[in-house]
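Our numbering puts the first residue of the sequence shown at 40, with every later residue one more than the last. Just so it is clear, CB atoms sit at the ideal spot from N, CA and C, and this is done for glycine as well.
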Amino acid sequence: MSDGAVARRAVAGFRTEYGVEPTGRWAAPGRVNLIGEHTDYNDGYVLPFALPQQTVIAAAAARRANWSVWSETNGERISFDDAGLAPGAVPGWGAYVAGVVWALREAGHRVPHAELAIASDVPLGAGLSSSAALESAVLTALADLGGLDLPVDDRPRLAQRAENEYVGAPTGVMDQSASIRCRAGHALFLDCRSLAVEHIPFDLAEAGLAIVVLDSRAEHRHVDGEYADRRRVCEEAARQLGVPALRDIGPADLPGALDRLSDEVTRRRARHVVTENQRVLDTVALLRDRRIRDIGPLLTASHASMRDDFEITVPEVDTAVDAALAAGAYGARMTGGGFGGCVVALTEADNADAVAVAVTDAFAERGFTRPRAFTALPGPGARRLP
Ligand code: ADP
Ligand code: MG
40 MSDGAVARRA VAGFRTEYGV EPTGRWAAPG RVNLIGEHTD YNDGYVLPFA LPQQTVIAAA
100 AARRANWSVW SETNGERISF DDAGLAPGAV PGWGAYVAGV VWALREAGHR VPHAELAIAS
160 DVPLGAGLSS SAALESAVLT ALADLGGLDL PVDDRPRLAQ RAENEYVGAP TGVMDQSASI
220 RCRAGHALFL DCRSLAVEHI PFDLAEAGLA IVVLDSRAEH RHVDGEYADR RRVCEEAARQ
280 LGVPALRDIG PADLPGALDR LSDEVTRRRA RHVVTENQRV LDTVALLRDR RIRDIGPLLT
340 ASHASMRDDF EITVPEVDTA VDAALAAGAY GARMTGGGFG GCVVALTEAD NADAVAVAVT
400 DAFAERGFTR PRAFTALPGP GARRLP
């Protein structure tokens, strides 16, 4: 898509900031999760795919003993050195970069000092994981520049560590796994317990289909506290059931398990996680059979479960789902942690515009901020650009 344009901007920025040519360019994408929400920290399953939008880094080994980072996104340039690398030392957006350097060094790697210039077309803070795109692009660039012996399987955990321990955001490993490990034309089936991945065919273009991504632009309300609360209730439910995580409860065990939980809210939270894990498995089975259209009802059921049992949706995303379905989408659901963010809708490619228009009209009718819409085909994961 805009691959070329973003990469050119990163290179142009590099030249302006540092007055020399970069050694190379590295890209890492944003992502959407097709299905499997709030399952990651329950050791369950997720099924994200990489967006065509990505973060590109132009980089070269530094001429002095520090790291310099410029981002076109905010026009800022920061730098930090070995001494200024402790968690907390680099604030703001620079923490996503310094955190990766820190996590690599904590894992025993010799990270090369470097000059970096960043450009991106992943929207920030929309739930499309610009943070993981940034971390993954930095990690990929530094690993290549330093010739680090760093198997791709180990990379998502390191990028996650940067976000959890350096930035201080308690996220699961899905976003970084998606940004690093996805393949074009595929969704990434990730087992969040073992971190085993399988590339599941999801060739929308070949099937004449599209995923419309609708950014609700709803203000994230109390999102940190609500996320922590859902996590705590899920852990408590697993404890009451005597299992390591809700992942260990299958649909067949569900009725009996629900009877053993202490209260109605805990029961509903657990039911979402158990049924959502099964919906991921069912989606994967259909996609393996190339029955993409048939996953629609699973997407919509996932949304209903997030709305009614997990209670993480807001009127904007519920409206987007209803309007997309009314406009002929096969299925639609909120994607991401909740309380705002994006909706994905599966539809015939030639109906994608109609879905976007229907959602925009429904928002206008209800006085919501105008949503942003784009269609997404599954793109490649983090890589060096030729
Ligand atoms: P999301 O990951 O859903 O986009 P987050 O809040 O997790 O939202 O991450 C957004 C933050 O990541 C931004 O506020 C900024 O600090 C940082 N960030 C992401 N991409 C860039 C970029 N290209 N340049 C500078 N900072 C970025
Ligand atoms: Mg993020």
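- In the three-state scheme derived from DSSP, where H, G and I count as helix and E and B as strand, histidine 311 is classed as helix.
- Checking the DSSP bridge columns, you'll see asparagine 72 partnered with Pro87.
- By the criterion of at least three beta-carbon pairs nearer than 8 Å, the stretch 250-258 is not in contact with the stretch 330-347.
- Taking the Cα positions, glycine 211 is about 21 Å away from glutamine 92.
- Distances taken from the Cβ of tyrosine 369 to the heavy atoms of the ligand ADP include none shorter than 7 Å.
- Between valine 313 and alanine 362, the CB-CB gap reaches or exceeds 8 Å.
- 8 Å or more divides the Cβ of tyrosine 266 from the Cβ of valine 206.
- The shortest CA-to-CA distance from leucine 90 to any of Arg70, Tyr84, Asp193 and Arg332 is the one to Arg70.
- Shown here, aspartate 214 sits in a helix according to DSSP, grouped into three states.
- If you draw a straight line from the Cα of arginine 116 to the Cα of serine 107, it comes to about 7 Å.
- Taking 8 Å as the cut-off, the Cβ atoms of leucine 416 and leucine 243 count as close.
- Taken from the Cβ of serine 168, at least one heavy atom of the ligand MG lies inside 7 Å.
- Residue side-chain check: threonine 374 keeps its Cβ at 7 Å or more from all non-hydrogen atoms of the ligand ADP.
- Remark: the shortest separation between the CB of aspartate 79 and any heavy atom of the ligand MG does not fall under 7 Å.
- CA-to-CA, the gap between glycine 375 and asparagine 203 works out to about 17 Å.
- With 16 or more other Cβ atoms inside 10 Å of its own Cβ, glycine 420 counts as buried.
- Between leucine 337 and the set Val353, Asp348 and Leu320, the nearest pair of CA atoms involves Leu320.
- For histidine 77, there is no enclosing beta strand (DSSP E), as DSSP marks it with neither H nor E.
- Contact between the stretch 158-171 and the stretch 136-147 is absent: fewer than three C-beta pairs spanning the two stretches fall below 8 Å.
- Sequence-distant partners of proline 410 (beyond 5 residues in either direction) whose C-beta falls short of 7 Å from its own C-beta, in its chain, are Leu253, Asp254, Ser255, Arg256, Ala359, Val398, Thr399 and Phe402.
- Between the ligand ADP and the CB of isoleucine 74, the shortest heavy atom gap is not smaller than 7 Å.
- Nearest to serine 216 by C-alpha distance, out of Ile239, Ala208, Gly247 and Val191, is Val191.
- Pairwise C-beta distances place the stretch 141-159 in contact with the stretch 95-103, as three or more of them are shorter than 8 Å.
- Look at glycine 335 here: in three-state DSSP terms it is helix.
- Bounds of the beta strand (DSSP E) holding serine 107 are 106-110.
- For alanine 421, the Cβ stays outside the 7 Å cut-off from all heavy atoms of the ligand MG.
- DSSP, reduced to helix, strand and coil, places tryptophan 132 outside both helices and strands of the structure shown, so it counts as coil.
- The closest heavy atom of the ligand ADP lies 7 Å or more from the beta carbon of serine 218.
- DSSP places alanine 137 in the helix class (H, G or I) of the three-state scheme.
- Taking 3 residues as the minimum length, the beta strand (DSSP E) runs contained wholly in the stretch 150-199 are 153-159, in order along the chain.
- In the DSSP assignment, the residues bridged to isoleucine 250 are Leu385 and Ala415.
- With distances taken between CA atoms, isoleucine 250 lies nearest to Thr414 out of Pro87, Thr414 and Arg306.
- Under the three-state reduction of DSSP, phenylalanine 228 is assigned to strand.
- Separation of the CB atoms of asparagine 316 and tyrosine 84 is rounded to 5 Å, and the pair is thereby assigned contact status at 8 Å.
- Leucine 280 is positioned such that its CB atom lies closer than 8 Å to that of arginine 299.
- Assignment of valine 272 by DSSP, reduced to helix, strand and coil, places it in the helix class.
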